[in-house]
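Written below as structure tokens is the structure these notes are about.
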Amino acid sequence: MNYFNYIMVFAALSMSSLLAATPTLEIVGDKVQDVTVDGKIYKFDGEIKEIAGAKVMAFGAKPLSVPAKTLVGEKGTIVFDYAINTKNSKSAARPLVCLRLDGPKQIAFFTFHGNPVIQLRFGNPVFADKKIKLTANKIYQSAVTWDGEKIAFYLDGKLLKEMKQPVAVNPKYIANLTVGPFRDQYFVTPVWDNDCFMKRLRVYNEALSAKDIANLK
9 MNYFNYIMVF AALSMSSLLA ATPTLEIVGD KVQDVTVDGK IYKFDGEIKE
59 IAGAKVMAFG AKPLSVPAKT LVGEKGTIVF DYAINTKNSK SAARPLVCLR
109 LDGPKQIAFF TFHGNPVIQL RFGNPVFADK KIKLTANKIY QSAVTWDGEK
159 IAFYLDGKLL KEMKQPVAVN PKYIANLTVG PFRDQYFVTP VWDNDCFMKR
209 LRVYNEALSA KDIANLK
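9 is the number of the first residue of the sequence shown in my numbering; add one for each residue after it.
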């Protein structure tokens, strides 16, 4: 490779790095921490445990929530790294992470006590899942993207399902982003034992491509 080609390759790699998407929110669940969103501080203070060699934050016994109006918009991406160990409890349906929209609408990853699958809920809601069984105490990465026309649902960087976006996301009515149980005027999800675990949560105000998702660490 001559000097000119070397410079061009280096410039292309540098530009690619500069153009990499930056999350509007990133929480690593390895410690109790204060999270600042829109100038306000919110505490993420779940019990810290070790799962599959990684420090994670246990959740289920109480809500963890931040306002999401400045985090996503008409387009967006949610990436959640997590592990579960679904014991029986009062909470049959368990929201792992949920973006509350207007009215009862939501974008969320759910699992179920005694039935560890991963399910995407989008809209009012439309269910998009392949009933994929999850192994207890194994770390997975689920991601969802939306661009106003279609949604895409991923597990560990691989596309599970792509479909027409069932409802528009109106930035005016975006509410909270929650980890674990939540309650509002439309839903009350009971708390459960701390047997779900957050390794990392990332939110983007753009729809990442399949290549972007595959390259996430």
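From the three backbone atoms N, C-alpha and C, an ideal C-beta is built for every residue, glycine too.
Just so you know, these numbers come straight off a predicted model, no measurement behind them.
Item to check | Distance, I59 Cα to G156 Cα | outcome: 36 Å
Next on the checklist: Just list the residues that DSSP pairs F117 with in beta bridges.
Outcome noted: V105 and L128
Checklist entry - Is any beta-carbon of chain C found at less than 8 Å from that of D155? => result Any reference to chain C falls outside this structure, which holds one protein chain only.
Checklist entry - What residue does the beta strand (DSSP E) around K48 start on, and which one ends it? => result K48 to F52
Checklist entry - From C204 to V40, what does the alpha carbon distance come to, in whole angstroms? => result 16 Å
Checklist entry - Taking C-beta to C-beta, are K207 and Y50 nearer than 8 Å? => result Contact annotation: K207 and Y50 have beta-carbon atoms that are not nearer than 8 Å.
Item to check | Helix, strand or coil at D220 [DSSP, three-state] | outcome: helix
Checklist entry - Mind checking whether A76 and N178 have CB atoms under 8 Å apart? => result no
Item to check | Whole-Å CB distance - L107 paired with I86, under 8 Å assumed | outcome: 6 Å
Item to check | Endpoints, beta strand (DSSP E) assigned at I140 | outcome: Element bounds for I140: n/a, residue is neither H nor E.
Next on the checklist: Out of L216, R102 and F161, which one is the CA nearest neighbour of F195?
Outcome noted: Distances from the alpha-carbon of F195 to those of L216, R102 and F161 put R102 closest.
Item to check | Proximity winner among P31, D192, K63 and K48, relative to I147 (alpha-carbon distances) | outcome: Among P31, D192, K63 and K48, the Cα nearest to that of I147 is on K63.
Checklist entry - Per the contact definition of three or more C-beta pairs closer than 8 Å, is the stretch 130 to 145 in contact with the stretch 114 to 122? => result yes
Checklist entry - Does the Cβ-Cβ distance between P7 and Y162 come in under 8 Å? => result Residue 7 cannot be examined here, being either before or after the span of the chain that is shown, 9 to 225.
Item to check | Per-residue DSSP class, three states only, for Y148 | outcome: strand
Checklist entry - What are the boundary residues of the beta strand (DSSP E) that includes I59? => result I56 to I59
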